[in-house]
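Take any residue in the sequence shown, note its place counting from 1, add 2, and you have its number in the working numbering.
Contents: one structure, followed by commentary.
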Amino acid sequence: GAFGGATGTVADGAAAEVVFARLRIRVNGGLVPGASYTATYPFGSQTFVATAAGTINFTNNQGCLAAPPACDFTLALPNTNVGPFLQWDPAASVPPAGYIGQPAIPHAIVGSATNVFRLSGPNVGGPGVNVVSTNLFNVTGKIFVRGSTTTSLTTAPNPSAGGQPLTLTATVSPVAPATGVPTGTIAFKDGAVTIGTAPLVNGVATLTISTLFPGAHSLTAVYSGSLDFLTSTSAAVIQNVAGNASTTTLTSSANPIKRRQAVTFTATVSPVAPATATPTGTVTFRDGTTVLATVTLVGGRASFTTTRLEAGTHPITATYSGSITFGGSASAVLNQVITP
3 GAFGGATGTV
13 ADGAAAEVVF
23 ARLRIRVNGG
33 LVPGASYTAT
43 YPFGSQTFVA
53 TAAGTINFTN
63 NQGCLAAPPA
73 CDFTLALPNT
83 NVGPFLQWDP
93 AASVPPAGYI
103 GQPAIPHAIV
113 GSATNVFRLS
123 GPNVGGPGVN
133 VVSTNLFNVT
143 GKIFVRGSTT
153 TSLTTAPNPS
163 AGGQPLTLTA
173 TVSPVAPATG
183 VPTGTIAFKD
193 GAVTIGTAPL
203 VNGVATLTIS
213 TLFPGAHSLT
223 AVYSGSLDFL
233 TSTSAAVIQN
243 VAGNASTTTL
253 TSSANPIKRR
263 QAVTFTATVS
273 PVAPATATPT
283 GTVTFRDGTT
293 VLATVTLVGG
303 RASFTTTRLE
313 AGTHPITATY
323 SGSITFGGSA
333 SAVLNQVITP
């Protein structure tokens with residue numbers, strides 16, 4: 003809430019947030035009129051020209067003092083005069099527990115590459131004194147500790163069939179003493195690969211997919227965290243996706259053949275009953291462990307023609323990669339003979 007009126011009555015501050023930063027540099031006299039002076043401070047540096055009265059009076063207000071428009075913390079960030087985060091130098095003494103400093107006690111600070119305030123220019127510290135500086139600051143602010151969270155993940159159905167819609171549900175909960183409802187985004191992962199994202203709504207995010215290939219998948223949900231809550235990752239859920247079985251056969255257009263004669267290898271991928279659909283995907287042709295080509299199935303068939311096999315016997319195989327609805331399979335070895 004916010005204090006309102008002369009009585010100091012506590013009022014609801016829901017629509018009266020203030021996001022505001024101020025940089026003020028003042029020298030009330032004694033400077034050389036028209037001379038340049040440079041101020042160096044933890045937030046940067048700036049050069050001023052003294053007025054005819056030998057003064058500097060600079061104020062830079064950033065952010066918004068009242069709504070509307072709605073105050074936004076980012077309004078106070080674009081100017082480089084704001085930041086970095088400063089706090090008491092712990093080597094000097096310990097600040098009050100839970101605070102970055104004590105405003106009533108000037109103190110050395112850490113947090114910047116320039117932990118001093120310095121003003122330089124003609125006679126800035128009196129006749130012949132051209133530099134004045136201090137490493138003592140008044141720092142105030144309470145340290146906010148973001149709440150810890152736990153993330154859980156469920157999938158349904160499990161096991162599932164290839165191509166069947168699968169719903170992943172992530173729930174993010176605060177860990178005591180933290181309270182409230184976490185907000186942010188969940189990244190759903192299959193191993194190290196992100197398969198989708200979804201926003202939290204009342205602490206819950208859901209994602210429905212139908213793109214997992216047959217096999218076992220280690221699924222996790224990763225909470226992104228927020229200004230109020232820390233990130234967390236769920237335990238892995240093993241999602242078993244069943245696929246229809248397939249068989250792969252391999253034929254050669256001619257065997258044996260002479261060196262540099264063209265030969266065409268054809269792989270046929272067939273469903274295993276009770277499945278009846280035509281498999282889709284790719285087939286990889288290999289000569290031993292050497293990949294010759296990867297070809298897309300058309301009507302359950304893939305062909306590859308080559309004239310580059312040298313004289314000898316070549317153990318040719320065709321391996322079907324599988325698809326969302328079919329598991330992979332490999333042909334028997336076909337020994338292709340090439341004569342000189």
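For every residue, glycine included, the Cβ atom is placed at its ideal position computed from N, Cα and C.
Just so you know, these numbers come straight off a predicted model, no measurement behind them.
Looking at the strands, I want to know which residues DSSP matches up with residue i.
i	result
asparagine 132	Answer by DSSP bridge pairing: none, since asparagine 132 is not bridged.
serine 323	Answer is none; serine 323 lacks a bridge partner.
asparagine 337	Pro317
serine 38	Val51
aspartate 192	Val195, Leu221
leucine 25	Asn62
threonine 187	Pro201
alanine 158	Thr169
serine 331	Tyr322
asparagine 246	Phe328
phenylalanine 231	Gly149
alanine 163	Ala244
threonine 251	Thr270
Would you mind reading off the limits of the beta strand (DSSP E) that contains residue i?
i	result
leucine 170	168-176
alanine 237	First-last for alanine 237: undefined, no H or E at that position.
serine 47	46-51
alanine 207	206-211
alanine 200	195-201
In whole angstroms, what separates the C-alpha of residue i from that of residue j?
i	j	result
glycine 330	glycine 217	10 Å
valine 12	asparagine 63	Because the pLDDT at valine 12 is just 46, under 50, the model does not fix this residue reliably, and the point stays unresolved.
valine 271	glutamine 338	20 Å
valine 183	glycine 149	11 Å
glycine 227	threonine 307	54 Å
alanine 178	tyrosine 322	51 Å
threonine 82	proline 161	Below a pLDDT of 50, predicted positions are generally treated as unreliable, and threonine 82, at 49, falls in that range; the measurement from the model is reported next regardless. Rounded to whole angstroms, threonine 82 to proline 161 spans 54 Å at the Cα level.
alanine 55	glycine 31	7 Å
glycine 290	asparagine 246	27 Å
tyrosine 225	alanine 158	20 Å
leucine 121	arginine 26	13 Å
threonine 319	leucine 229	56 Å
glycine 314	leucine 294	16 Å
threonine 42	glutamine 104	23 Å
isoleucine 1	leucine 221	In the structure displayed, the chain extends from 3 to 342; residue 1 sits before or after that span and is not available.
leucine 155	glycine 198	14 Å
aspartate 91	alanine 23	23 Å
glycine 130	alanine 93	34 Å
glycine 46	isoleucine 107	24 Å
alanine 223	asparagine 242	17 Å
leucine 232	alanine 115	28 Å
threonine 341	threonine 253	18 Å
phenylalanine 60	phenylalanine 87	22 Å
alanine 37	phenylalanine 119	20 Å
isoleucine 58	serine 95	34 Å
proline 176	valine 300	52 Å
valine 134	glycine 128	10 Å
arginine 303	alanine 180	59 Å
leucine 170	valine 285	31 Å
proline 317	alanine 244	31 Å
asparagine 132	threonine 185	53 Å
isoleucine 145	threonine 153	25 Å
glycine 6	proline 44	Below a pLDDT of 50, predicted positions are generally treated as unreliable, and glycine 6, at 41, falls in that range; the measurement from the model is reported next regardless. One C-alpha to the other measures close to 35 Å.
Answer yes or no: the CB of residue i versus the heavy atoms of the ligand SAH, is any distance below 8 Å?
i	result
arginine 28	As for the ligand SAH, it is missing from this structure, which has no ligand bound.
Could you check whether residue j and residue i sit closer than 9 Å to each other, using their CB atoms as the reference points?
i	j	result
glycine 123	valine 34	yes
leucine 202	leucine 168	no
serine 234	threonine 268	no
asparagine 140	alanine 110	no
threonine 151	valine 174	yes
tyrosine 39	threonine 49	yes
glycine 143	isoleucine 188	no
serine 236	alanine 172	yes
glutamine 89	proline 98	no
glycine 283	serine 325	yes
phenylalanine 328	glycine 205	no
serine 333	threonine 250	yes
valine 147	valine 29	no
alanine 207	alanine 200	yes
proline 276	serine 248	no
leucine 336	asparagine 257	yes
threonine 292	alanine 264	no
phenylalanine 287	threonine 296	yes
If we define contact as Cβ-Cβ less than 9 Å, is residue i a contact residue for chain D?
i	result
glutamine 89	In the structure shown, chain D does not exist; there is a single protein chain.
Mind pulling the beta strand (DSSP E) runs of 3 or more residues that sit fully within the segment 102-156? 119-122, 133-136
Beta strand (DSSP E) runs wholly inside the segment 253-311, at least 3 long, in chain order: 265-273, 284-289, 292-298, 303-308
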